[in-house]
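2 protein chains.
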Amino acid sequence: MPKKKPSPKRRSGCPLNASVEILGDRWSLLIIRDMMLRGFRSYKEFLESYERIATNILADRLRKLVAHGIITTEQDLSDGRKLIYSLTRKGIDLAPVFTEMVLWAAGHEDTGNQALVRLIQKDKEKFLAEVRQRWAEKRVRSTAN
Amino acid sequence: MPKKKPSPKRRSGCPLNASVEILGDRWSLLIIRDMMLRGFRSYKEFLESYERIATNILADRLRKLVAHGIITTEQDLSDGRKLIYSLTRKGIDLAPVFTEMVLWAAGHEDTGNQALVRLIQKDKEKFLAEVRQRWAEKRVRSTAN
DNA sequence: CCATCTTACTTGTGAAATGCAAGTTAAAAT
DNA sequence: ATTTTAACTTGCATTTCACAAGTAAGATGG
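As you go down the protein sequences, you meet chains B and H in turn.
Residue numbers are given in my numbering: position 81 of the first sequence equals residue 116, and the series is strictly consecutive.
Residue numbers are given in my numbering: position 38 of the second sequence equals residue 73, and the series is strictly consecutive.
The following block contains the structure:
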């Protein structure tokens, strides 16, 4: 069973409010997207991602995501400078949230990445299964690359 | 067909980024929740909602939600002071995003409102159909209450 | 019909979060 | 031994936020 924190002082007990307090900012979900969909695992990769997050903000968000149990860090065994960031189960479980946010924006805003959108539209469940599968593989070879 | 704006200057064309730029803050989704699930339609109701949004922030968020085509306003015919806020199709289409955010938080955080959570868990599609149905009814009697 | 109340805001101000540039430290590469 | 690289931190100006108070137009009660 998944561990549930004894929630700190939240504005309310509503589960939507909990999600918003944890993920409701302009960067957290993009970092998770980079991990889940693009396979990014290092600070440098996140920094160089297309939306150009500031380095202090990135450090802060990674710290918070770790604190919330959404990602974890481990040392890279072959390079003492590197840290490898991984999604936890809790992080991977955000995949359905992403999927719906992507579909919503694709349906109502003028966006790019139609390849991803069509992939999701074609078979949502299959897409989710693939994301989970891909990540399960990664966890095994955690120090690879 | 849904109208798509020729997107202003976004940080990137990624649909997830679009969603995050529009909805990624601590209040917007809660306002939409209050409309979608609690049937709130006036400034005063939003102000008095449990999480206690500040009045200037509420005014700002309502303005932005209107600008993004997620909600609309109309005058209350029976009370000249009142404005009635309504969800547009674009706003109602956020229901699946909500649903997944609620399920995620309910599964990984210590949250309340288990009645809502169980309702969603029992049959997600039925829940979504009901939300859409309920709103369709409301649009008809827009000045009621 | 006039004072009071209500609704939907705006304004002011201090505190916190954000963005940008530059600096730091330990480890790796040359 | 010197230069690079990775993962940050620090400082500072700007923006956003929260809280309190104020306002204007419409409704309500006597």
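Note that CB positions come from ideal geometry on N, CA and C, so glycine has one too.
Flagged as an interface residue toward chain B: Arg-46(H), by a C-beta distance shorter than 8 Å. Tyr-78(H) sits in a helix when the DSSP states are folded into three classes. For the 8 Å CB-CB criterion, Tyr-120(H) and Arg-76(H) form a contact. When CB distances to chain H are screened at a threshold of 8 Å, the residues of the region 143–159 of chain B falling below it are His-143, Glu-144, Asp-145, Thr-146, Gly-147, Asn-148, Leu-151, Val-152, in chain order.
Of all residues in the region 112–129 of chain H, only Lys-125, Asp-128, Leu-129 come within less than 8 Å of chain B when Cβ atoms are compared, listed by chain position.
Under DSSP, no beta-bridge partner is assigned to Ser-54(B). At least 8 Å separates the CB of Tyr-78(H) from every CB of chain B.
Interface residue (Cβ-Cβ distance to chain B less than 8 Å): Trp-139(H) is classified as such. Interface flag for Arg-68(H) against chain B is set, since a Cβ pair is found closer than 8 Å. Of all alpha-carbon atoms in Gly-126(B), Ala-89(B), Leu-82(B), Glu-83(B), the one lying nearest the alpha-carbon of His-103(B) is that of Gly-126(B). Residue range 90–102 is occupied by the alpha helix (DSSP H) that includes Ile-92(H). For the region 48–60 of chain H, the residues whose beta carbon sits under 9 Å from a beta carbon of chain B are, in order, Gly-48, Cys-49, Pro-50, Leu-51, Asn-52, Ala-53, Ser-54, Val-55, Glu-56, Ile-57, Leu-58, Gly-59, Asp-60.
The Cβ-Cβ distance between Phe-133(H) and Arg-45(H) does not fall below 8 Å. When DSSP states are grouped into helix, strand and coil, Leu-118(H) belongs to the strand group. The Cβ atoms of Thr-107(H) and Ala-53(B) lie no closer than 8 Å to each other.
For Ile-57(B), the CB contacts under 7 Å within the same chain, skipping 5 residues up- and downstream, are His-103 in chain order.
Taking a C-beta distance under 8 Å as the contact criterion, Glu-135(H) and Glu-160(B) do not qualify as a contact pair. The Cβ neighbour count for Ile-92(B), taken over all protein chains shown within 10 Å, is under 16; the residue is labelled exposed. Among the residues of chain B, none has a CB under 9 Å from the CB of Met-71(H); the nearest is roughly 10 Å distant.
With a 10 Å radius around the Cβ and a threshold of 16 neighbouring Cβ atoms, Glu-144(H) comes out buried. With a threshold of 8 Å between beta carbons, Phe-133(B) makes contact with chain H. Membership of Thr-108(H) in the beta strand (DSSP E) is indicated by the continuous run 106–110. Below the 8 Å Cβ cutoff, chain B contributes no neighbours of Leu-97(H), its closest Cβ being approximately 17 Å away. Counting C-beta atoms within 10 angstroms of its own C-beta, Arg-169(B) has fewer than 16 neighbours from the protein chains shown and is therefore classed as exposed.
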